[in-house]
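Since the structure comes first, as structure tokens, the remarks are kept for the end.
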Amino acid sequence: MTQSAVGIEHAKDMEEGAVLVKEAEKKIPMKIEDRKLYIGDMPQLIVDLETQENYIRTEERLISYKKRIELSPDLLAGKRANVLQTALEYYYAQACEVAEGIKIAEEYRQKANTTVREKR
813 MTQSAVGIEH AKDMEEGAVL VKEAEKKIPM KIEDRKLYIG DMPQLIVDLE TQENYIRTEE
873 RLISYKKRIE LSPDLLAGKR ANVLQTALEY YYAQACEVAE GIKIAEEYRQ KANTTVREKR
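Under my numbering, the final residue of the sequence shown carries the number 932; numbering is consecutive throughout.
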């Protein structure tokens with residue numbers, strides 16, 4: 813297996829739902845609990861596998877995430893690890909970009925509000 817090859821480590825049995833997807837030094841933790849898929853640490857993408865109501869959890873809050881995320885049961889069971897790894901990277905990268913964009917916008921808004929108060 814090459815350094816960039818993907819491996820699946822079962823931290824627990826799939827009944828308990830914990831799986832780690834690894835690529836080189838990069839790990840994207842994935843955990844399934846109560847029909848919800850948790851991807852990443854912080855920010856964390858939360859996918860409701862039944863209702864498709866998805867959220868991004870940041871240190872500050874929970875953000876509603878409207879993007880539809882679909883992963884088949886065979887992928888979640890650990891089959892086709894390279895496809896699962898690619899999907900997790902794609903969805904998680906997009907969620908991180910959204911969380912970062914919101915953080916930048918909030919910081920800008922706070923700075924703009926402070927500037928307006930100082931000029932008055």
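Glycine included, C-beta positions come from ideal geometry on N, C-alpha and C.
Got a sec? Which residues, its chain only, sit under 8 Å from residue i by beta carbon, not counting five neighbours each side?
i: residue 886; result: 892
Determine whether the beta carbon atoms of residue i and residue j lie at a separation below 7 Å.
i: residue 904; j: residue 858; result: no
i: residue 911; j: residue 868; result: yes
i: residue 840; j: residue 900; result: yes
i: residue 806; j: residue 880; result: This structure cannot settle anything about residue 806, because the visible part of the chain is limited to 813 through 932.
i: residue 862; j: residue 847; result: yes
Would you kindly report the start and end of the unbroken beta strand (DSSP E) that includes residue i?
i: residue 860; result: 856–860
i: residue 874; result: 874–877
Per DSSP, what are the beta-bridge partners of residue i in this structure?
i: residue 849; result: 844 and 859
i: residue 868; result: 857 and 875
Should residue i go down as buried or exposed, given a rule of 16 or more other Cβ atoms within 10 Å for buried?
i: residue 877; result: buried
i: residue 842; result: buried
i: residue 874; result: exposed
i: residue 925; result: exposed
Residue range of the alpha helix (DSSP H) that residue i falls in?
i: residue 883; result: First-last for residue 883: undefined, no H or E at that position.
Less than 7 Å between C-beta atoms, sequence neighbours within five positions excluded: which residues of the same chain meet that for residue i?
i: residue 907; result: 855, 857, 868 and 877
i: residue 888; result: 844
i: residue 909; result: none
i: residue 882; result: none
Looking only at its chain, what residues have a beta carbon closer than 6 Å to the beta carbon of residue i, apart from the 5 residues adjacent to it on each side?
i: residue 753; result: This structure cannot settle anything about residue 753, because the visible part of the chain is limited to 813 through 932.
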